[in-house]
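**Student:** I have a structure I would like to understand better, so I am pasting it below and will then ask my questions one at a time.
There are 2 protein chains.
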Amino acid sequence: MRILITAGPTREYLDDVRYLSNASSGKMGYALSEAAVDAGHSVTLVSGPVDLPPPKGVTLVPVETTEEMKLACLANLTAADAVIAAAAVCDYKPAVRVSGKLKKTGAPVTVEMIETDDVLAEIGGRKQSQWVVGFALEAENARERGLQKLRAKNCNWIVVNGPAAIASDDNDVELIGADAQTIARFRGSKRDIARDLIALLGEHRQSSG
Amino acid sequence: MRILITAGPTREYLDDVRYLSNASSGKMGYALSEAAVDAGHSVTLVSGPVDLPPPKGVTLVPVETTEEMKLACLANLTAADAVIAAAAVCDYKPAVRVSGKLKKTGAPVTVEMIETDDVLAEIGGRKQSQWVVGFALEAENARERGLQKLRAKNCNWIVVNGPAAIASDDNDVELIGADAQTIARFRGSKRDIARDLIALLGEHRQSSG
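Protein chains in written order, with our numbering: chain A, 610 to 818; chain B, 610 to 818.
Written out as structure tokens, the structure reads:
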């Protein structure tokens, strides 16, 4: 199977130095990439800036902004059998990027933020036979909001986790299908969860293909 | 000599997940810490979140926000003979930090940003006999703005560098004194620059003490 995986955060710049981001470490997406290669799949990893070496055998596409991630994903979508969107993209960006470095004046600065392109919704909207697995990081009403996200973005599966997942080596996730049924619960190291999720994806595609 | 060194970026949160930061890697401050320990100095390293192991022999004080960095520096200031402020702190922060995760609505979001505490100015304002070395990262008119910064923050020396320094292994800096004279120019790896700067600081303190 050819799997397109996204990982890490993206960055959205206010000026040439300051940016908006999040503490996503990329560990989940990199663990998924490694597990997928180990299981014999072909992996394209579209990754925001992280401090992890790319797993052996993946095709790495490094990106910085959400728009770059979207373009890299769409360019690799048709060649993929499945997509796992584990990246934590910046979903807002400053409406204006100041050239150089914003100077301090002592006064408050008002920054207008607009939504970035929705990478997962673009993938879901264009998918043909690809099996699309999204990730939802929710602080509250996680299951309900995860399911809303699955539907809004036309995913096949959604992996729901909480803020404790960020930058952690461990995770505690629920995998939900489009019929709102819980398919599995995984708890433990991101490596173990990645192996289980890739195995489940492989079984599913085998039985449905 | 007991040297207090700051390194890395700080983070200022919009909500529990999103933050404002910069790409400072901490390499300059960590290289300075290592060079200082190698030269026989006692080092306290106040560091924002970076992906570097603390150099052997330093006392590491990890911080996340600018306020935490300020408090850690002031707590360690009186015990220091010199301060080298190599951190690239966030100088703006959202006026309000939203609890949980800001939900997307489709509409633009206006974020009011206020200045954070000025760590270097606080150090400069409270210094007694400490020799204070600041860093200025300037996109344009670097020398002039660096000198303004030296004066505004009551530093003894200022190291002026450009945006190319961010996250790079190399740097190209000018060291300027309070009399506006160029003391030295260093170009090369951050490790080499760190060694030269620490040596110069050691000589200076010996001749003036």
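Glycine residues also receive a C-beta, built at the ideal position from the N, C-alpha and C atoms. Nothing here was measured: the structure is a model prediction, and the numbers come from that model.
Taking B:D781 as the reference, give the member of B:Q790, B:A787 and B:G771 with the closest Cα.
**Tutor:** Sequence index remark: in the second sequence, residue 781 of chain B carries index 172 (1-based). Ranking B:Q790, B:A787 and B:G771 by Cα distance to B:D781 puts B:G771 first.
**Student:** Please classify B:G657: is it buried, with 16 or more other beta-carbons within 10 angstroms of its beta-carbon, or exposed?
**Tutor:** Taking the first residue of the second sequence as 1, we reach residue 657 of chain B at position 48. Buried is the call here.
**Student:** With 8 Å as the limit, tell me which residues of the region 774-790 of chain B have their beta carbon closer than that to any beta carbon of chain A; keep them in chain order.
**Tutor:** I775
**Student:** Along the region 619-634 of chain B, where does the CB come closer than 7 Å to a CB of chain A? Name the residues.
**Tutor:** D625, V626, R627, Y628, L629, S630 and N631
**Student:** Using the C-alpha atoms, what's the distance from B:S633 back to A:Q757?
**Tutor:** Taking the first sequence and counting its residues from 1, one reaches residue 757 of chain A at position 148. Taking the second sequence and counting its residues from 1, one reaches residue 633 of chain B at position 24. Cα-Cα distance, rounded: 37 Å.
**Student:** Per DSSP, what kind of secondary structure is B:A688 in: helix, strand or coil?
**Tutor:** Counting from one through the second sequence, the residue named residue 688 of chain B turns up at place 79. Three-state DSSP puts B:A688 in coil, outside helix and strand.
**Student:** With distances taken between CB atoms, is the gap from B:W740 to B:L810 smaller than 8 Å?
**Tutor:** Numbered from 1 along the second sequence, position 131 holds the residue referred to as residue 740 of chain B. Numbered from 1 along the second sequence, position 201 holds the residue referred to as residue 810 of chain B. Yes, they are a contact pair.
**Student:** Over what stretch of residues does the beta strand (DSSP E) that includes A:M637 continue unbroken?
**Tutor:** Walking along the first sequence from the start, residue 637 of chain A turns up at place 28. It is not in any beta strand (DSSP E) - A:M637 instead sits in the alpha helix (DSSP H) that spans K636 to D647.
**Student:** Could you name the residues that DSSP lists as bridge partners for A:V720?
**Tutor:** As a working note, residue 720 of chain A is residue 111 in the first sequence. For A:V720, which the question treats as bridged, DSSP gives the partners B:V720.
**Student:** Looking at the secondary structure, which residues open and close the beta strand (DSSP E) in which A:D727 lies?
**Tutor:** Here residue 727 of chain A refers to the residue found at position 118 when the first sequence is read from its first residue. Premise fails: A:D727 is in no beta strand (DSSP E) and is neither H nor E.
**Student:** Are the region 705-717 of chain A and the region 674-689 of chain A in contact at 8 Å, needing three or more beta carbon pairs?
**Tutor:** no
**Student:** Go through its chain and collect everything with a Cβ distance to B:A697's Cβ below 6 Å, but skip five positions before and after it.
**Tutor:** What you label residue 697 of chain B is simply residue 88 of the second sequence in a count that begins at 1. Excluding positions up to five away in sequence, the list reads P618, N631 and S633.
**Student:** Is there at least one Cβ from chain A nearer than 8 Å to B:A704's Cβ?
**Tutor:** On the second sequence, position 95 is the one that residue 704 of chain B refers to. Yes, because at least one Cβ of chain A sits closer than 8 Å to the Cβ of B:A704.
**Student:** Could you give the first and the last residue of the continuous alpha helix (DSSP H) run that contains B:R814?
**Tutor:** The sequence position of residue 814 of chain B within the second sequence is 205, counting from 1. Here the alpha helix (DSSP H) through B:R814 covers K799 to S817.
**Student:** Of the residues A:S817, A:K710 and A:A774, which one's Cα is nearest the Cα of A:L746?
**Tutor:** The residue labelled residue 746 of chain A in the question sits at position 137 within the first sequence. Selected option, being the one with the closest Cα: A:A774.
**Student:** For the putative contact between B:A640 and B:K799, defined by C-beta atoms under 8 Å, what is the C-beta separation to the nearest angstrom?
**Tutor:** Within the second sequence, residue 640 of chain B is the residue found at index 31, counting from 1. Within the second sequence, residue 799 of chain B is the residue found at index 190, counting from 1. Rounded, the Cβ-Cβ distance is 4 Å, consistent with contact.
**Student:** Spell out whether any CB of chain B is found under 8 Å from the CB atom of A:P671.
**Tutor:** Numbered from 1 along the first sequence, position 62 holds the residue referred to as residue 671 of chain A. Closer than 8 Å: no.
**Student:** For a cutoff of 8 Å on Cβ pairs, would you count A:D660 as touching chain B?
**Tutor:** Here residue 660 of chain A is taken as the residue at index 51 of the first sequence, counted from 1. So yes, A:D660 belongs to the interface.
**Student:** With 16 other CB atoms within 10 Å as the buried threshold, where does A:G638 fall?
**Tutor:** Position 29 of the first sequence, counting from 1, holds the residue named residue 638 of chain A. Classification for A:G638: buried.
**Student:** Terminal residues of the continuous beta strand (DSSP E) containing B:K702?
**Tutor:** Along the second sequence, one-based indexing puts residue 702 of chain B at 93. First-last of the beta strand (DSSP E) with B:K702: Y701 to P703.
**Student:** Going by DSSP, what residues sit across from A:L669 in a beta bridge?
**Tutor:** Residue mapping note: residue 669 of chain A aligns to position 60 of the first sequence, counting from 1. Its beta-bridge partners are A:L654.
**Student:** For B:G786, name the three-state secondary structure that DSSP assigns.
**Tutor:** Walking along the second sequence from the start, residue 786 of chain B turns up at place 177. In the structure shown, B:G786 sits in a strand (DSSP, three-state: E or B).
**Student:** In the structure shown, what three-state DSSP assignment does A:R611 receive?
**Tutor:** Against the first sequence, residue 611 of chain A aligns to sequence position 2. The answer is strand: DSSP assigns A:R611 an E or B state.
**Student:** Are any of the Cβ atoms in chain A nearer than 8 Å to that of B:A748?
**Tutor:** Here residue 748 of chain B is taken as the residue at index 139 of the second sequence, counted from 1. B:A748 counts as touching chain A.
**Student:** In the region 761-773 of chain A, which residues sit with their C-beta less than 7 Å from some C-beta in chain B, listed in chain order?
**Tutor:** P772
**Student:** Just to confirm the assignment, what range does the beta strand (DSSP E) spanning A:A696 have?
**Tutor:** The residue labelled residue 696 of chain A in the question sits at position 87 within the first sequence. Premise fails: A:A696 is in no beta strand (DSSP E) and is neither H nor E.
**Student:** DSSP three-state label for A:T791, please.
**Tutor:** Taking the first residue of the first sequence as 1, we reach residue 791 of chain A at position 182. Of the three classes helix, strand and coil, the one that applies to A:T791 here is strand, per DSSP.
**Student:** How many angstroms separate the CA atom of A:G635 from the CA atom of A:I614?
**Tutor:** For this step, residue 635 of chain A is matched to residue 26 along the first sequence. For this step, residue 614 of chain A is matched to residue 5 along the first sequence. Rounded to the nearest angstrom, the two C-alpha atoms are 11 Å apart.
**Student:** To the nearest angstrom, how far is the alpha carbon of B:A789 from that of B:L806?
**Tutor:** Residue numbering aside, residue 789 of chain B sits at position 180 when the second sequence is read from its first letter. Residue numbering aside, residue 806 of chain B sits at position 197 when the second sequence is read from its first letter. The straight-line gap from Cα to Cα measures roughly 18 Å.
**Student:** Going by other Cβ atoms of all chains shown within 10 Å of its Cβ, with 16 needed for buried, is A:E621 buried or exposed?
**Tutor:** Locating residue 621 of chain A in the first sequence gives position 12, where the first residue counts as 1. Per the 10 Å Cβ criterion, buried.
**Student:** Take B:L784 as the anchor and find which of B:Y701, B:A776, B:S777 and B:L759 has the nearest alpha-carbon.
**Tutor:** Counting from one through the second sequence, the residue named residue 784 of chain B turns up at place 175. It is B:L759.
**Student:** Tell me the DSSP secondary structure of A:S775 in three-state form.
**Tutor:** Here the question's residue 775 of chain A lines up with position 166 in the first sequence. Reading off the sequence, residue 775 of chain A comes out as Ile, not Ser. In the structure shown, A:I775 sits in coil (DSSP, three-state: anything other than H, G, I, E or B).
**Student:** Check whether chain A comes within 8 Å of B:I732, counting only Cβ atoms and requiring the distance to be less than that.
**Tutor:** Position 123 of the second sequence, counted from the first residue, corresponds to residue 732 of chain B. Interface flag for B:I732 against chain A is unset, since no Cβ pair is found closer than 8 Å.
**Student:** Compute the distance between the beta-carbons of B:K665 and B:V728, then report whether it is under 8 Å.
**Tutor:** Residue numbering aside, residue 665 of chain B sits at position 56 when the second sequence is read from its first letter. Residue numbering aside, residue 728 of chain B sits at position 119 when the second sequence is read from its first letter. Against a cut-off of 8 Å, the Cβ pair of B:V728 and B:K665 comes out as no contact.
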